[in-house]
Amino acid sequence: MPVPCVAVLALLAGPLLAAGAPATFAEQAYASSARTCVAQAGSLADVVKEQNAKNKVVVYSKSYCPYCAQVKGLFNKLNVDYKLFELDQIADGQDVQNALHDVTSRRTVPQVFVDGKFIGGCDDTTGMYQSGELKTLLETAGVSAVF
Ligand SMILES: N[C@@H](CCC(=O)N[C@@H](CS)C(=O)NCC(=O)O)C(=O)O
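Note that UniProt numbering gives residue 117 to position 117 of the sequence shown, counting from 1, and the numbers run on in steps of one.
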């Protein structure tokens with residue numbers, strides 16, 4: 001179910017973003033539609049689920065994590081367009097990680113979703129790449145990739 005967005009939160013988001021403070025997950029998630037709009041109702045897990053449904057490929061990562069770098073490097077190499085959330089650079093990143101745990105039962109990053117389905121972390125994703133499963137999955141999902 002889509003998470004509704006309340007109109008103008010410029011009061012809150014505007015000054016924070018202007019001051020260069022890290023955005024919250026909802027602010028990043030809805031940045032393309034309106035930077036001044038944040039999720040109104042629903043838990044972070046709902047926002048996570050909505051993002052996973054809305055974007056064909058989603059990577060939850062931490063900017064310093066070598067496993068995450070491997071996954072991002074793979075998708076970059078394959079020219080795959082993916083939605084990226086760097087949890088260490090999001091104000092409520094720890095809460096998002098907890099919400100992810102509710103969804104996937106996994107605490108570590110990266111966490112990779114294709115077509116709304118959790119495919120795993122770095123080991124899983126690279127394993128699926130090596131086996132050819134990732135190619136099939138991306139093709140089935142209609143994701144453009146260069147193998
Ligand atoms: N085997 C895992 C390794 C992932 C991992 O250990 N990630 C570290 C970050 S480099 C992690 O999430 N640590 C806990 C945390 O950052 O909260 C995979 O393939 O994804």
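Note that beta-carbon positions come from the ideal geometry of N, C-alpha and C, so glycine has one too. Keep in mind that this is a model prediction, so the values were computed, not measured.
Give the DSSP-derived three-state secondary structure of residue i in the structure shown.
i	result
Y129	helix
V71	helix
L134	helix
V47	helix
F25	helix
A34	Interpretation of A34 is limited by its pLDDT of 46, a score under 50 that renders its predicted location unreliable; no figure is taken from the coordinates.
N98	helix
L84	strand
K117	strand
Report yes or no: is there a C-beta of chain C within less than 8 Å of the C-beta of residue i?
i	result
S131	Annotation note: the requested chain C is absent from the structure, which comprises a single protein chain.
Just tell me which of the options has its CA closest to the CA of residue i.
i	options	result
Q51	L84, D124 and V109	L84
A45	F25, K56, G121 and V146	F25
F147	K77, A21, K62 and V47	K77
K117	G132, Y30 and V59	V59
Just the Cα atoms here: how many angstroms apart are residue i and residue j?
i	j	result
L74	D81	11 Å
N98	V109	11 Å
A55	V71	What sits at residue 55 in the sequence shown is Asn, not Ala. If I take the Cα positions, the gap works out to 17 Å.
F113	A145	15 Å
Is any non-hydrogen atom of ligand 1 found closer than 7 Å to the C-beta of residue i, if you look at the structure I gave you?
i	result
P22	no
V58	no
D123	yes
T140	no
Y129	no
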